[in-house]
Amino acid sequence: MSLLKHAKQYLANQSKYAHLNAFVSLAEPSKLVSHADVKAERRDVKDKPIAVKDNICTADLKTTASSGILKEFTSPYDATVVKLLRDAGAVVCGKTNMDEFGMGSHSTHSYAGAVTMQRHSAEEEKSAGGSSGGSALAVASAQCWAALGTDTGGSVRLPAAYTGVVGFKPSYGLLSRWGVIAYANSLDTVGILGKGVQDVRAVFDALNAYDSQDPTSVSPSTRARLNNKKKDSLRIGIPLEYNISTLQPAVRQAWMRTLRELHERGHSLHPIRLPATQHALSAYYILAPAEASSNLAKYDGVRYGSRAEGIDGSPESVLFAKTRGQGLGPEVQRRILLGAFTLSAQAMDNYFIQAQKIRRLVQHDFNRVFTTPNPLLDEMPEQSEYQPLVDVIVCPTAPTLAPSLASVEDQDPISAYMNDIFTVPASLAGLPSISVPVRIARDEQITVQPFEETAGIQIIGQYGDDNLVFAAADIVSRISPTSQAQSKAPDVTSWGASISK
Amino acid sequence: MLANNTRNAFVAVSKRPYVWSIPLRFQKRALQTASQPPAQDDTPFRKALKDAAKQQKKATRGGNKAKKASDPRLEKWELTVGIEIHAELNTARKLFSSAATSISESPNTHASLFDVAFPGSQPHFQKETLIPALRAALAFDCTIQPRSSFDRKHYFYQDQPNGYQITQYYEPFATDGHITLHAHDFPAGSAPEDCPIKIGIKQVQMEQDTAKTVQQPPSTHLLDFNRVSHPLIEIITLPHIHDPLVAAACVRKIQTILKTVDACTAGMEMGGLRADVNVSIRERGQTTGGEGLSYSGVTGLGQRTEIKNLASVKAVEDAIIAERDRQIQLVEGGGAVEGETRGWTVGSKTTKRLRGKEGEIDYRYMPDPDISPVFIAQDLVDHLRTNLPVLPDRVVDVLVEKYGLSVKDAGTLLSFDSGDRLEYFFEVTNQLARTRLIKPSDPKFPTIGKAAGNWVLMELGSLFKDEEWSADRVPPEILVSIIQQLLEKRVTSRSAKKLLAEKFEGDERDIDQLIEDYNMQLRPLSSEGYRNLAQTLLDEKPDMVRDIVEKGQEKKIKWFVGQMMARSPEGTVEADVAEKTLQELLPTKKVE
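As they're listed, the protein sequences go chains A and B.
One gets our numbering by counting positions in the first sequence from 1 and adding 10 to each.
One gets our numbering by counting positions in the second sequence from 1 and adding 218 to each.
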């Protein structure tokens with residue numbers, strides 16, 4: 011057994027960037043060894059250190075979901091995606107910090123403290139995005155080769171956009187959720203973060219398999235029906251609704267430049283309408299908390315997890331009121347209460363049911379614009395003759411670049427929820443979607459930065475068109491790649507800082 | 219054919235030995251403040267069964283009393299009751315995990331990761347659990363829904379690991395059934411006049427059971443997760459019941475049907491079944507126009523209360539009576555019934571308030587996003603329907619039409635020993651018919667059934683009066699050979715009874731040997747011999763002859779019959795021939 015290639019460099023980066031708080035636990039350095047005995051078919055993943063978000067169960071490292079109530083919890087089993095990584099010869103190098111149970115957009119709501127992104131000593135602390143901010147920043151700062159995250163409403167794509175890495179959310183049901191701590195099951199997906207599209211794709215290929223342990227795993231027969239066609243020239247949709255007035259000019263310019271470059275490379279551009287998008291965010295923030303309030307009811311400290319000091323409960327009450335009050339953080343409590351309300355008899359019809367209807371409309375919107383019919387539906391939606399059909403949609407991942415943590419702290423929760431406005435529609439429809447960093451030209455920068463600045467450009471495809479999304483992402487990533495994406499060794503960050511050995 | 223089917227049905231029921239060897243399970247339930255006196259888990263099974271039988275006898279007496287005493291208040295107020303019954307399904311695995319179901323295994327040895335709600339675990343619907351549930355729903359004539367789904371019912375309690383119970387709230391798998399109560403479904407003599415009574419069943423749904431809490435005062439709660447996610451069905455009747463006795467009969471019959479179709483693990487007395495009842499009263503003759511409340515489409519009802527967690531048929535009946543009387547008293551005293559949840563403890567005189575409307579739990583029902591809908595194909599439904607064991611009502615018809623029993627005897631046979639006595643009866647009758655070369659289609663077949671019924675119910679019944687039924691005590695072939703000896707006139711009926719008593723007490727000699735040892739062979743007297751013996755006796759007792767002839771005291775003839783048998787060797791005098799001879803010899807009454 012020998013140390014992994016670049017193991018020392020990764021370890022050095024981990025200590026150099028420890029202050030970013032990207033990890034909640036790290037594997038012993040002695041674990042970063044090559045498993046020569048593993049007969050891995052995917053050489054690109056073998057012997058690679060991969061970080062795993064802390065809401066994905068690992069039997070060797072604690073799985074806390076960055077929550078006080080699970081602060082000492084170690085799962086008795088590996089999640090299927092972790093098992094598949096290990097089978098492919100990858101090494102789990104640590105568990106990454108996150109918003110508690112995946113609830114947040116800046117990775118600040120963590121029992122382990124906020125994830126902080128500081129790309130330059132002169133820069134004020136920025137948000138790494140959330141909830142997979144730890145995974146994204148771990149990749150961005152070259153502390154690992156790639157990372158697993160989870161994406162419920164944009165939790166992989168948003169941090170990828172803020173930190174300048176690639177973040178992919180597959181079609182719902184392709185990657186197993188067995189062993190992934192549920193936030194909102196009908197939206198939760200395992201996502202992948204990496205410095206380049208090909209790395210992310212390699213990890214995806216290693217994980218993309220039917221799992222009988224996940225009841226929502228797409229069956230082998232449906233997988234066989236999914237589209238695998240290749241296209242030389244793509245029809246690219248530009249959703250007009252996404253050009254909102256609050257879109258930061260730098261982001262808008264990066265989007266426009268990307269579209270222009272795509273056009274120049276022979277792909278055709280088509281304006282499309284996704285009218286239900288304007289309601290998508292409100293629907294998401296009803297559905298996700300509703301499911302969360304249900305999923306998090308199990309955390310009571312009775313069978314596992316932490317309990318409050320002293321005697322909890324009275325003869326009239328359950329034995330864990332105090333435990334839950336102390337163990338769950340304020341944002342989690344807020345969403346549990348929101349969800350409990352929208353599911354209550356008095357609010358169900360006006361909130362939960364309405365939101366489900368909007369979700370259906372959002373799915374319908376997407377089905378109307380894609381050339382590929384949705385393989386999960388028997389019927390084709392009615393096509394409007396004024397609506398062009400497209401292969402993929404290209405739009406910004408987030409309305410702004412990474413905001414400062416100070417501004418985030420002053421934000422009310424509703425404004426924080428606004429960060430997810432472009433990522434939530436694909437989550438509601440279960441569509442594959444990827445965020446690719448696109449460098450911002452110096453003249454487009456708001457204030458000229460002493461580092462490479464990027465904006466996240468999102469590519470959304472029809473359900474099951476994950477390959478097409480990767481193909482489009484590959485094209486976009488070549489437009490103005492980051493230094494990190496071009497480097498072979500972990501010696502440069504996503505913002506272009508070279509790390510000396 | 220029919221006879222065979224019927225038999226197989228009951229054979230199937232009794233071939234589940236574990237039901238008979240397990241200790242009792244009385245459990246404290248979630249949300250349960252009032253509960254049955256917790257019987258010890260080591261209560262011997264026989265003793266518990268006996269107690270249950272005693273209880274039922276008592277319940278029957280109580281029911282009769284209540285019926286006889288006409289309460290003027292009941293003339294004024296009409297009671298309305300709906301019942302929800304939870305029954306543990308007889309399945310190998312849990313509802314949402316491949317962990318085995320278990321009855322009395324060591325605590326926490328049968329629980330999967332999902333059963334104890336470990337982070338990241340997911341449910342796996344075990345579709346085989348549908349089979350007994352479907353059988354039950356078909357037995358209640360329900361419409362099986364081609365599509366049904368599972369929902370989460372949220373409430374916090376330590377015996378509910380996920381913080382919700384998975385149930386079928388929005389789309390249950392079976393709807394619109396019914397159950398019909400006939401006179402034979404009631405304890406003897408207590409059947410209401412309006413029989414048969416049809417009670418609608420709104421729906422049958424599948425759901426999970428909870429863990430078992432063992433409380434160790436003052437502050438320890440031990441949790442056993444073996445029972446978590448054991449599949450249950452909940453059967454919800456419409457508020458079609460207006461008599462506590464009918465409610466009790468309904469629960470009893472549901473229990474019998476569930477057992478007949480092999481849907482359930484155990485009966486109510488064994489903790490396999492629990493009932494909630496909702497009770498309301500309204501003034502008779504008041505046709506409420508826009509007034510009154512409506513439940514499940516039944517309109518014009520009074521405010522109802524719900525009594526939770528009744529663990530025996532008697533508790534159902536008594537709790538309803540107590541709650542009805544409480545409501546009448548309340549309303550007559552100028553008060554109003556409040557919608558609330560109440561509890562009942564066996565032996566108490568009234569129900570106890572558990573929580574009011576303001577304390578009602580909002581269960582926040584939500585479709586479970588991890589469990590896809592269940593699609594049930596028509597061919598599966600058809601197959602199960604075709605192969606459904608013969609239901610009790612049909613069995614009664616068969617017993618009356620094919621086996622020559624009275625409706626009353628048929629009902630008795632059905633209700634005894636959880637169907638074991640019936641199975642025994644079928645075995646005896648069919649063996650006897652084969653021995654006598656009588657086919658089921660033969661017009662003489664009913665007489666065979668009638669004879670066998672008499673022996674199984676009356677003769678064997680009186681021997682078993684104070685003892686637990688066991689088919690092995692007098693195996694069917696022994697009883698068959700005794701009856702055969704009698705029918706072949708090789709022994710007298712008195713000898714036959716004696717033979718039965720000997721075998722019952724465990725005599726190991728075979729029947730032929732016994733007959734020989736006791737010198738029981740029938741060597742009938744000649745008619746001359748009968749006449750001589752009769753005449754001698756009549757001459758000895760002229761007073762009695764006068765009483766018979768002149769005062770019409772016909773019963774005294776029996777005394778002479780007895781004397782004739784007593785004075786002759788065993789197996790020589792048959793009672794009916796003796797009586798006939800006596801009748802002939804007695805002087806006819808002079809017409810004055």
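Every residue, glycine too, gets a C-beta built ideally from N, C-alpha and C.
All figures in this text were calculated on a predicted structure; none of them were measured in a lab.
Sub-7 angstroms separation of residue i and residue j beta-carbons
i                            : j                        : result
phenylalanine 644 of chain B : leucine 631 of chain B   : no
glycine 140 of chain A       : serine 115 of chain A    : yes
alanine 540 of chain B       : threonine 568 of chain B : yes
alanine 495 of chain A       : lysine 205 of chain A    : yes
leucine 548 of chain B       : alanine 493 of chain B   : no
serine 227 of chain A        : glycine 183 of chain A   : yes
tyrosine 294 of chain A      : glycine 159 of chain A   : no
valine 125 of chain A        : alanine 32 of chain A    : yes
alanine 122 of chain A       : serine 76 of chain A     : yes
glutamine 473 of chain B     : glutamate 452 of chain B : no
aspartate 735 of chain B     : glycine 671 of chain B   : no
histidine 396 of chain B     : lysine 420 of chain B    : no
leucine 617 of chain B       : leucine 623 of chain B   : yes
Candidates the options, of which the one nearest residue i by Cα
i                        : options                                : result
threonine 68 of chain A  : A/Thr106, A/His45, A/Val166, A/Ser40   : A/Thr106
tyrosine 220 of chain A  : A/Phe214, A/Ala212, A/Ser229, A/Val213 : A/Ser229
leucine 74 of chain A    : A/Ser316, A/His289, A/Ala465           : It should be noted that the sequence gives threonine, not leucine, for residue 74 of chain A. Checking every option, the nearest Cα to that of threonine 74 of chain A belongs to A/Ser316.
glutamate 82 of chain A  : A/Ala89, A/Asp88, A/Phe380, A/Lys72    : A/Lys72
glycine 189 of chain A   : A/Asn237, A/Ile66, A/Leu14, A/Asp401   : A/Ile66
threonine 363 of chain B : B/Pro591, B/Ala669, B/Val469, B/Val464 : According to the sequence shown, residue 363 of chain B is glutamine rather than threonine. With distances taken between Cα atoms, glutamine 363 of chain B lies closest to B/Pro591.
arginine 449 of chain A  : A/Leu399, A/Ser443, A/Asp54, A/Val458  : A/Val458
threonine 428 of chain B : B/Thr385, B/Gly667, B/Ala793           : B/Thr385
lysine 532 of chain B    : B/Gln545, B/Cys468, B/Ile499, B/Asp543 : B/Cys468
glutamate 792 of chain B : B/Glu695, B/Ser745, B/Gln434           : B/Ser745
serine 186 of chain A    : B/Arg291, B/Gln340, B/Asp536, B/Arg741 : B/Gln340
glycine 201 of chain A   : A/Thr173, A/Asp161, A/Ser292, A/Ser443 : A/Asp161
alanine 8 of chain A     : A/Val102, A/Ala465, A/Ala89, A/Val400  : A question about residue 8 of chain A goes unanswered here, because the residues of chain A that appear run from 11 up to 511.
glutamate 726 of chain B : B/Arg691, B/Ile701, B/Gly747, B/Arg712 : B/Arg691
leucine 386 of chain A   : A/Trp265, A/Ser490, A/Ala439           : A/Ala439
threonine 710 of chain B : B/Gln739, B/Gly518, B/Ala357, B/Asp586 : B/Gln739
valine 102 of chain A    : A/Ala156, A/Ala170, A/Asp109, A/Thr118 : A/Ala156
Start-to-end residues for the alpha helix (DSSP H) that takes in residue i
i                         : result
arginine 370 of chain B   : Not the alpha helix (DSSP H): arginine 370 of chain B falls in the beta strand (DSSP E), residues 369-372.
isoleucine 475 of chain B : 462-478
leucine 347 of chain A    : 340-353
glutamate 419 of chain A  : 415-420
Extent of the continuous beta strand (DSSP E) to which residue i belongs
i                        : result
arginine 500 of chain B  : 491-501
arginine 708 of chain B  : It is not in any beta strand (DSSP E) - arginine 708 of chain B carries neither H nor E in the DSSP assignment.
cysteine 103 of chain A  : 101-106
glycine 204 of chain A   : 199-204
aspartate 501 of chain A : That residue, aspartate 501 of chain A, is in no beta strand (DSSP E); it is neither H nor E in DSSP.
glutamine 434 of chain B : 430-434
Opposing strand residues paired with residue i [DSSP bridges]
i                         : result
tyrosine 382 of chain B   : B/His372
tyrosine 27 of chain A    : Beta-bridge pairing links tyrosine 27 of chain A to no other residue.
lysine 416 of chain B     : B/Thr398
proline 585 of chain B    : B/Asp369
tyrosine 513 of chain B   : B/Val516
methionine 424 of chain B : B/Ile451
valine 210 of chain A     : Per DSSP, none; premise fails for valine 210 of chain A.
arginine 560 of chain B   : B/Ile525, B/Arg571
Check: residue i C-beta below 6 angstroms from any heavy atom of the ligand FMN
i                     : result
glycine 99 of chain A : In the structure on display, the ligand FMN does not appear, and there are no ligands present to speak of.
Cβ separation of residue i and residue j, assumed to be a contact under 8 angstroms, to the nearest whole Å
i                         : j                      : result
glycine 104 of chain A    : leucine 36 of chain A  : 4 angstroms
valine 599 of chain B     : leucine 352 of chain B : 7 angstroms
aspartate 588 of chain B  : proline 225 of chain A : 5 angstroms
asparagine 444 of chain B : proline 607 of chain B : Wrong, their Cβ atoms sit about 29 angstroms apart, outside the cutoff.
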